[in-house]
Structures are given as C-alpha cells and as structure tokens.
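First the structure, in the form of structure tokens, and then the observations on it.
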RNA sequence: GCCGCUGUAGCUCAGUGGUAGAGCGCACCCUUGGUAAGGGUGAGGUCACGGGUUCAAAUCCCGUCAGCGGCUCCA
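In structure tokens form, the structure reads like this:
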C-alpha cells in the first residue's frame with residue numbers, strides 16, 4: 022500500500038492506490054481546488070514525472086502537487102507546461118472547427134514561451150492569419166465550456182486500427198514510434214524528432230512503460246474532440262488561464278526537408294489574462310529593441326542588396342560603436358600578453374586543404390576563386406564541371422602524404438590525390454583565421470620559454486550562410502571575429518582557458534551584461550569521432566569545467582557537444598529583456614598542431630606539438646554589436662555613443678557660444694555636435710532625445726554670460742541645472758574614461 | 001536552401017484596373033523662441049526588377065531579386 026512522501030518531507034500512508042487529486046484533497050481543500058497536476062517520482066530512476074491529477078499512485082512515491090498560481094504569484098514552469106500542453110489541444114480543436122475537420126494534426130508540444138501544433142492542411146483548404154480571430158474566439162468558448170480532459174487507454178492493436186481508420190498518417194506514425202515499432206508511413210532520413218521534448222502531444226503516445234496507447238478527449242470520449250496523446254493535461258479546459266494563437270510558420274514532418282511540409286501554428290497560454298497581456302507587451306518591447314529597426318533609425322549600419330545579402334556596411338555612427346568596442350577589447354588583450362597580427366582576407370586553397378576546411382566545409386564557404394588563366398585553359402580543354410570540381414578539390418601527393426603522416430590518420434583519401442599538373446590552383450575567402458595564424462606561428466622558431474604565443478586579430482571571415490538564415494547583424498556572410506589563437510604547452514592549457522574567461526567577465530561587467538551562462542561542450546563517451554589522445558582530452562575537459570566553475574555563473578556540461586578536435590566553452594548572454602544570445606566560444610584544439618606541423622623546442626631540446634586554443638569570446642563584432650544595440654535599445658553608455666554631447670543654442674543669438682562650447686568639448690576628445698537649426702529649443706531636445714544622445718548642453722545668453730551650460734541627461738525629462746563649462750567638460754571626460762554604464766554627469 | 005507573407009518618397013505607411021498620396025525627415029522663407037515637435041512654401045517616386053494579360057497595370061498572372069516569420073543548417 023503506497024506511502025507517499027510530500028515535498029516538505031511529510032509521509033502519508035494509504036490503504037489503496039490513490040489518485041493525485043485524492044492525495045491533494047487529503048492534504049487540504051485549498052490545495053485540492055488549486056491542483057492541476059502532479060509530479061510523481063516512483064524512485065525507479067526515471068526521476069519526477071508530470072502526471073494528470075487523475076493519475077493513480079499505486080506504490081511508494083514522492084509526489085508534488087502542481088497548482089495554478091495564487092493571484093499575484095508567478096506560475097510554476099510545470100503549471101505552465103500543463104496549461105500549454107492542454108491549450109495545444111484546445112487550439113487544434115478550434116482550428117478543426119474553423120478550418121475543417123480534414124486538417125490533419127501531426128505534432129504539438131509545449132515550448133519555452135507557449136506551444137505549437139504542426140498540421141497538414143489539405144489542398145484547397147487554407148489556414149491563414151485571417152482565421153486567427155475566429156480561432157481565438159473558438160478557443161475562448163472551449164475554455165469557457167470547461168470540458169474535462171479525459172484520458173483513456175486502449176490496447177495497441179485497437180488503437181492502431183482506430184488511428185488508421187481516421188486516415189491520419191502522422192498520428193499513425195506517432196503511435197508506431199511510441200510503441201517502438203518500425204514506421205510504416207514515414208521513410209525519411211530521421212528516425213525521431215530530434216531535440217524536442219519527449220512528453221509532447223503525440224510525440225510519445227505510450228503511457229508509461231505499459232505498451233498501451235493513450236488518448237485524451239476534451240469532454241466525453243466518442244462524443245467530443247480527442248487526440249492521441251501521452252499527456253499530461255490540466256483537469257479541464259477551464260483551468261487554462263488564457264490562451265492565444267500567435268503566428269504561422271512552416272515546418273517539415275520530422276524536421277526532414279525531404280518530407281511533407283506542414284503548417285506550424287504557434288500559440289501561447291498563461292495562468293491569467295494579465296500574464297498573457299504582460300507577455301504580449303514584452304514581445305512588443307522586444308520588437309522595439311530590434312537592432313535592425315534601431316540600426317536604421319540611428320543610422321548605425323546599412324545592408325544594401327546591390328552589395329549583397331548578409332554583408333554589413335558600417336556607417337560612420339555604427340563604426341564608432343564598433344571601433345570603441347574593439348579598442349576596449351584590444352586594450353584588455355594587451356594587458357593579458359596578447360600580440361596583435363594582421364592577415365589577408367584570402368588564402369591559397371592548399372592552406373585550407375591543410376587545415377581541413379576545404380572541401381570538408383565547402384557548403385558553408387564562398388566558392389573558390391580560380392585564377393583566370395586556369396579557367397580559360399580548362400574551358401578550352403572542354404573540362405566538365407564535375408571534373409573541374411574534382412581537380413579543385415584534389416590534393417598533391419606530397420601534401421597528402423605529409424598530412425596523413427602528421428595526423429596519423431587518413432585525412433586525405435587516395436581518391437583525392439592527384440598529379441600536380443591536374444590540380445587547379447585557387448584561392449579562398451577565409452572562413453576562419455586559424456590557418457593564417459598557424460602560419461605566423463610556424464614562421465619563427467619557438468622555445469618552451471616563449472610559450473604561450475598569443476596571436477590576436479580582429480579577423481574578417483566569410484561564410485556562405487543559407488539565405489533564409491541571414492538576419493540583420495546577428496547572422497551574416499562576412500564578419501569580423503575578435504579572434505585569437507593561443508599556442509601553448511599542454512600544461513598551460515588550464516591557465517590560458519582561465520585567462521579567456523576572465524576577459525569575458527571584465528567585458529560583460531563593463532557593459533552591464535550581468536546575466537550570462539556558459540556551456541561546456543564535452544565529448545560523447547560513446548562516440549569514436551573525436552581525435553587526439555584520451556589523456557589530453559580528460560585534462561582539457563577538466564580544465565574547461567574548472568574554468569567555467571570559477572566564473573561564478575551558471576554553467577552546464579553538455580556531452581557530445583565538443584568539436585571533434587577538442588572540448589569547448591560557449592558563452593550565452595541574457596539581454597535586459599531576458600532573451601538569450603549565443604556569442605563566442607573558447608575551443609581547445611589538439612589537431613591543428615599536427616596538420617600544420619607546428620612545434621616548439623622543449624626543455625629536452627626536442628620538438629613538441631603545441632596545443633592550440635581558439636577563442637573568439639564575443640563571436641563576431643557584427644553579432645556582438647547587434648546584441649548590444651538591443652541590450653541598450655540604442656541608448657549606449659557615453660563611452661560607446663556615436664555622439665556624446667549635443668549643444669543646443671536656444672536661438673541663433675547663442676550660436677557663437679554654442680560653437681565655443683562644442684570646440685571645448687571636441688578639444689577634450691568628446692564626440693560633440695551643435696544643433697544650429699532655427700527650431701525652438703523644445704524641438705531640438707525632442708530630436709536629440711530621439712537620437713539617444715547621452716547629454717544635451719542647452720545654452721542661451723544667460724549661460725554665455727557666465728560661461729555655463731544647462732545640462733540635460735538622456736532619460737531624465739527635465740533641466741538638471743547649469744554648471745561651468747570647464748566642469749562639464751571634465752565630468753564628461755571622466756565618465757568616458759571610466760566606461761561607466763550609467764549617465765552620471767550632474768551639475 | 002525550403003514554406004508562407006511582404007516590397008509604393010530618406011523613414012513609417014495609405015492607395016484592388018482609369019492622371020501617384022499622407023505624416024515625419026530634407027531645402028528655403030517667416031519666427032529669435034529657456035527645456036520633449038512654432039508657422040509657411042517647396043523639392044523628392046521607372047510604385048524592387050524583368051516578362052505577360054488588357055484599350056489601360058502600383059493594382060491581375062509568371063519569373064527574378066531582396067526583406068520578414070518559421071523550418072533546416074551553423075567549423
């Protein structure tokens with residue numbers, strides 16, 4: 022007979038199996054009323070599992086009752102999960118009511134901010150945003166009807182028969198996978214939905230370990246709407262606080278682009294209408310911060326279709342932001358003993374055949390640049406495209422032998438080896454800076470006493486991102502990494518990783534990015550794809566974990582996420598409105614030394630392979646600036662602002678004094694302009710505020726007489742008072758030098 | 001790359017087959033105003049590009065390019 026342990030440690034004994042609802046009632050009527058589900062841990066190693074309130078607890082377990090939040094309280098993640106999972110059913114029913122019963126449902130899980138449901142809309146039918154009002158209305162009705170979610174289970178055979186009779190192959194597929202059967206309807210390249218939650222609607226339709234199929238009816242089975250689903254759900258539709266259909270997108274069945282195209286309908290649900298409204302408001306706020314919108318408004322950058330997709334033109338104002346940021350990072354690097362290098366934007370194909378980038382990653386690179394004479398010769402010879410590709414990708418005997426020997430692997434297969442006169446020479450826009458840096462390291466001899474060698478470059482690289490992926494500054498085809506390669510001895514790896522992290526810490530702290538986390542990518546113990554000695558890996562992984570731990574921010578260890586050549590640390594920052602952005606990485610590399618035959622002389626007077634650490638902690642200047650634009654909503658701290666002070670004469674009688682004020686600021690290296698338009702000062706203030714200028718110095722005859730300026734600071738909607746010009750200049754100068762994130766200059 | 005939506009003045013957008021529109025911005029004039037938009041006049045468009053249907057196309061159809069929302073991808 023079950024003994025149930027509650028979250029507070031209390032134990033309750035029952036004579037017979039009880040439902041979670043009965044358990045809640047036995048604790049208190051208030052709890053029973055608020056309960057919408059339960060989290061049950063049978064101690065069977067599966068951990069706590071979310072269950073229906075009606076789920077029977079027939080053996081010893083630890084149980085937490087999931088409740089709808091009390092007024093004013095935030096809903097728990099579990100409560101939202103139950104509501105959203107349930108809202109997905111409500112939305113699906115509403116869509117079938119509005120668009121047609123022949124809309125075939127595929128797959129509908131909760132997500133971080135709501136839920137979606139993938140569905141197939143038959144030819145001739147249409148589902149568009151025009152239907153949203155009707156769908157929302159129908160959803161509200163279903164929620165108001167407060168119909169119970171009723172679970173029932175059937176034997177596999179019976180269930181499959183039922184689904185097949187309904188003619189929905191997607192549900193048949195879900196059921197087959199839930200039962201662990203080979204799929205009879207899906208023959209695509211993916212065996213399962215990768216990376217989605219296993220407790221999804223239809224995604225896992227089996228109940229527990231028993232091979233039965235479960236269905237949920239929204240009301241009475243056989244009478245009301247129902248769906249193959251593993252659950253769990255809230256007890257009834259009325260327990261979904263507020264739900265809304267959000268947007269349409271397309272998706273593929275099983276995320277497989279060669280398979281059926283489905284329509285993905287996004288929706289969201291919250292415990293209360295107020296929470297939903299708050300969420301919608303936040304979304305609006307996020308849209309206002311969009312760096313593409315702000316970037317255009319403040320003229321920070323421009324993308325021109327005549328130049329090309331994903332290629333950023335930094336306008337004068339944006340260039341200032343980027344340059345200041347780069348100078349800041351560069352100064353920190355100098356403190357850490359980095360040395361700066363410059364390398365060109367292209368390199369010979371052989372360089373990338375040596376590094377392994379070409380042709381292995383050719384799909385994400387710009388096409389090779391082939392010399393004109395070679396192209397003309399080939400075309401004269403009537404060379405086919407396929408042959409040309411093979412000859413571009415071919416490798417000389419010498420290079421192949423050297424590479425295979427140094428790496429101890431067959432990195433160049435015999436079919437790629439080609440006679441020298443068959444090879445086509447060419448260049449490539451560089452997709453990474455490391456080959457160039459490796460060559461700089463190799464260009465001079467190194468003693469273990471000189472290690473580590475830290476080569477830093479704001480290096481511009483080019484990658485052929487798919488056109489649909491391009492997005493403002495955050496996903497582009499040409500970008501400048503805050504790149505560096507640390508060539509070090511094995512013993513130096515931990516300290517160097519630490520150094521990278523402390524740099525990140527300093528810079529995030531200065532920019533006021535308080536919330537960030539790191540992901541440590543480790544090798545998958547079951548995979549053989551990794552290269553390098555196990556011992557080195559173990560040490561490097563330990564060093565990464567230790568370094569991450571020492572940061573004092575949340576970090577996760579993610580087995581299987583390592584690069585094939587070494588473990589890595591990724592940085593994810595959270596901006597002021599809670600969105601996460603993946604920035605840069607630190608990666609340990611045991612391969613590059615071999616490929617480029619790098620060495621240093623050890624204390625034993627013998628050559629040793631250096632370990633290489635690749636690090637670009639902010640990823641790219643483009644993405645980082647994009648994130649910063651959104652983080653600050655365009656209102657940069659003074660030291661980063663393209664324009665730091667604007668002088669506003671109240672009439673043209675004060676223009677001369679305004680110019681004098683501006684000159685004094687300019688002489689102190691402050692970025693300043695004066696607004697000599699014939700607008701009234703109110704209008705000038707409005708414009709300067711719109712353009713997010715940190716400080717306004719309003720000057721009239723009164724100020725001119727006494728050598729003063731009247732100060733306004735961004736975000737403060739009033740005149741702060743007057744101060745001596747010299748004092749103002751000094752204060753602004755000091756603020757810039759301090760890189761303070763807040764505006765602190767006051768009279 | 002794939003699916004859907006979109007493309008009209010520097011920006012934001014109206015205009016559904018019959019002479020191209022607004023607000024902001026810009027230029028000039030008046031106004032000389034002390035803290036979040038003073039007034040007037042004016043310039044500015046091959047309606048993304050190419051083709052088609054039509055007496056007539058910004059508008060309808062096809063294609064291309066680009067942007068947006070997703071999917072897939074991301075060394």
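Residue numbers (our numbering): 22 to 768. For each residue, glycine too, the CB sits at the ideal point set by N, CA and C. Everything numeric in this text was worked out from a predicted model, so none of it was measured.
- Item | Assigned exposure category for residue 363 - 16 Cβ within 10 Å defines buried | One-based indexing of the first chain puts residue 363 at position 342. Its Cβ having fewer than 16 others within 10 Å, residue 363 is exposed.
- Message: Taking the straight line between their C-alpha atoms, what separation do you get for residue 278 and residue 585?
- Response: Here residue 278 is taken as the residue at index 257 of the first chain, counted from 1. Here residue 585 is taken as the residue at index 564 of the first chain, counted from 1. Using only the alpha carbons, I get a separation of about 26 Å.
- Task: Decide if residue 631 is buried, meaning its Cβ has at least 16 other Cβ atoms within 10 Å, or exposed.
- Result: Mapped onto the first chain, residue 631 falls at position 610. Buried, by the Cβ-count rule.
- Item | residue 543 burial status per 10 Å Cβ neighbour count (16 or more: buried) | Residue numbering aside, residue 543 sits at position 522 when the first chain is read from its first letter. The residue is buried, with at least 16 neighbouring Cβ atoms inside 10 Å.
- Query: Between the C-alpha atoms of residue 456 and residue 325, what's the straight-line distance to the nearest angstrom?
  - Reply: On the first chain, position 435 is the one that residue 456 refers to. On the first chain, position 304 is the one that residue 325 refers to. Cα-Cα distance, rounded: 31 Å.
- Task: Please work out which residues of its chain come closer than 7 Å, Cβ to Cβ, to residue 572, disregarding the five sequence neighbours upstream and downstream, and give them in chain order.
- Result: Residue mapping note: residue 572 aligns to position 551 of the first chain, counting from 1. Result list for residue 572: 522, 526 and 539, in chain order.
- Task: Along the beta strand (DSSP E) that carries residue 432, what are the first and last residues, could you check?
- Result: Mapped onto the first chain, residue 432 falls at position 411. Segment: none, residue 432 is in no beta strand (DSSP E) and carries neither H nor E.
- Item | Neighbour-count burial assignment, residue 22, 16 or more Cβ in a 10 Å radius | As a first step, residue 22 is located in the first chain; it is residue number 1 there, counting from the start. Under this definition residue 22 is an exposed residue.
- Item | residue 681: first and last residue of the uninterrupted alpha helix (DSSP H) it sits in | In the first chain, the residue the question calls residue 681 occupies position 660. Residues 676-688.
- Message: Assuming the contact rule is C-beta atoms closer than 8 Å, residue 171 and residue 82 should be a hit. Round their C-beta distance to whole Å, please.
- Response: Counting from one through the first chain, the residue named residue 171 turns up at place 150. Counting from one through the first chain, the residue named residue 82 turns up at place 61. Not really, about 23 Å apart at Cβ, beyond 8 Å.
- Task: Please report the residue range of the alpha helix (DSSP H) in which residue 35 lies.
- Result: As a first step, residue 35 must be located in the first chain, where it is residue number 14. Taken as a continuous stretch (DSSP letters only), residue 35 belongs to no alpha helix (DSSP H), as it is neither H nor E.
- Item | Identity of the residue in 726, 597 and 745 nearest residue 648 by Cα | Working through the first chain from its first residue, we reach residue 648 at position 627. If we check each option's Cα against that of residue 648, 597 comes out closest.
- Under the DSSP definition of a beta bridge, which residues are partnered with residue 132? One-based indexing of the first chain puts residue 132 at position 111. According to DSSP, residue 132 bridges with nothing at all.
- Since residue 72 contacts residue 98 with CB under 8 Å, what's their CB separation in whole angstroms? For the purposes of this step, residue 72 is taken as residue 51 along the first chain, with counting starting at 1. For the purposes of this step, residue 98 is taken as residue 77 along the first chain, with counting starting at 1. Actually they are not in contact, since the Cβ atoms of residue 72 and residue 98 sit about 16 Å apart, beyond 8 Å.
- Item | C-alpha distance - residue 298 paired with residue 390, whole-angstrom precision | Counting from 1 along the first chain, the entry for residue 298 is found at position 277. Counting from 1 along the first chain, the entry for residue 390 is found at position 369. Cα to Cα, the separation comes out at about 53 Å.
- Item | Cβ neighbours of residue 535 in the same chain (closer than 8 Å, five flanking residues each side left out) | One-based indexing of the first chain puts residue 535 at position 514. Answer for residue 535: 529, listed in chain order.
- Could you tell me if residue 216 is buried or exposed, where buried requires 16 or more neighbouring beta carbons within 10 angstroms of its beta carbon? Counted from its first residue, the first chain places residue 216 at position 195. Because residue 216 sits at a pLDDT of 29, beneath the cut-off of 50, its placement in the model cannot be relied upon, and the following sentence gives the value as read from the coordinates. Classification for residue 216: exposed.
- Message: Taking 6 Å as the limit between beta carbons, can you name the residues of its chain near residue 757, skipping five residues before and five after?
- Response: Locating residue 757 in the first chain gives position 736, counting from the first residue. Closer than 6 Å at Cβ, skipping near neighbours: 659 and 660.
- Query: Do residue 722 and residue 675 come within 9 Å of each other at the CB atom, strictly closer than that value?
  - Reply: Working through the first chain from its first residue, we reach residue 675 at position 654. Working through the first chain from its first residue, we reach residue 722 at position 701. Taking 9 Å as the Cβ cut-off, residue 675 and residue 722 qualify as a contacting pair.
- Item | Residues bridged to residue 501 [DSSP beta-bridge criterion] | The residue you call residue 501 lines up with position 480 of the first chain. Its beta-bridge partners are 481.
- As assigned by DSSP and simplified to three states, the class of residue 550: Mapped onto the first chain, residue 550 falls at position 529. Reduced to three states, the DSSP call for residue 550 is coil.
- Message: Bridge partners for residue 62 per DSSP, in chain order?
- Response: Taking the first chain and counting its residues from 1, one reaches residue 62 at position 41. DSSP, once it has assigned bridges, lists 83 as partnering residue 62.
- Message: Can you give me the C-alpha to C-alpha distance between residue 444 and residue 618, rounded to a whole angstrom?
- Response: Within the first chain, the letter at position 423 stands for residue 444. Within the first chain, the letter at position 597 stands for residue 618. C-alpha separation (whole angstroms): 23 Å.
- Query: Whose C-beta lies closer than 6 Å to the C-beta of residue 689 among residues of the same chain, with five residues either side of it excluded?
  - Reply: Within the first chain, the letter at position 668 stands for residue 689. Closer than 6 Å at the Cβ level, and outside the excluded window around residue 689, lie 750 and 754.
- Item | residue 670, enclosing beta strand (DSSP E) - first and last residue | Your numbering for residue 670 matches position 649 in the first chain. Counting along the chain, the beta strand (DSSP E) containing residue 670 begins and ends at 666-670.
- Query: Rounded to the nearest angstrom, how far is the Cβ of residue 412 from that of residue 439, given a contact under 8 Å?
  - Reply: Taking the first chain and counting its residues from 1, the one referred to as residue 412 is at position 391. Taking the first chain and counting its residues from 1, the one referred to as residue 439 is at position 418. With a Cβ gap of about 7 Å, residue 412 and residue 439 count as contacting.
- Task: Counting only the same chain and skipping the five closest in sequence on each side, list residues whose C-beta sits under 6 Å from that of residue 670.
- Result: Walking along the first chain from the start, residue 670 turns up at place 649. The answer, listed in chain order, is 676, 679 and 720.
- Query: If you count every other CB in all the chains shown that lies within 10 Å of the CB of residue 305, and 16 or more means buried, which is it?
  - Reply: Working through the first chain from its first residue, we reach residue 305 at position 284. Result: exposed.
- Query: Between residue 646 and residue 341, what straight-line distance do the alpha-carbon atoms span, to the nearest angstrom?
  - Reply: Working through the first chain from its first residue, we reach residue 646 at position 625. Working through the first chain from its first residue, we reach residue 341 at position 320. Their Cα atoms are separated by approximately 11 Å.
- Message: Less than 9 Å between the C-beta atoms of residue 249 and residue 713, yes or no?
- Response: The residue you call residue 249 lines up with position 228 of the first chain. The residue you call residue 713 lines up with position 692 of the first chain. No. Outside cutoff.
- With 16 other Cβ atoms within 10 Å as the buried cut-off, status of residue 88: The count along the first chain starts at 1 and reaches residue 88 at position 67. Its Cβ being crowded by 16 or more others within 10 Å, residue 88 is buried.
- Please classify residue 413: does DSSP put it in a helix, a strand, or coil? Indexing the first chain from 1 puts residue 413 at position 392. In the structure shown, residue 413 sits in a helix (DSSP, three-state: H, G or I).
- Query: So residue 514 packs on residue 609, CB below 8 Å; how close in whole Å?
  - Reply: As a working mapping, residue 514 is identified with position 493 in the first chain. As a working mapping, residue 609 is identified with position 588 in the first chain. The pair is a contact, with the Cβ atoms about 6 Å apart (cut-off 8 Å).
- Helix, strand or coil at residue 3 [DSSP, three-state]: Residue 3 cannot be examined here, being either before or after the span of the chain that is shown, 22 to 768.
- Task: Kindly indicate which three-state DSSP category residue 509 falls into: helix, strand or coil?
- Result: In the first chain, counting from the first residue as 1, residue 509 sits at position 488. Looking at residue 509 - three-state DSSP - the assignment turns out to be strand.
- Message: Going by DSSP in three states, residue 653 sits in which element: helix, strand or coil?
- Response: Residue mapping note: residue 653 aligns to position 632 of the first chain, counting from 1. In the structure shown, residue 653 sits in a helix (DSSP, three-state: H, G or I).
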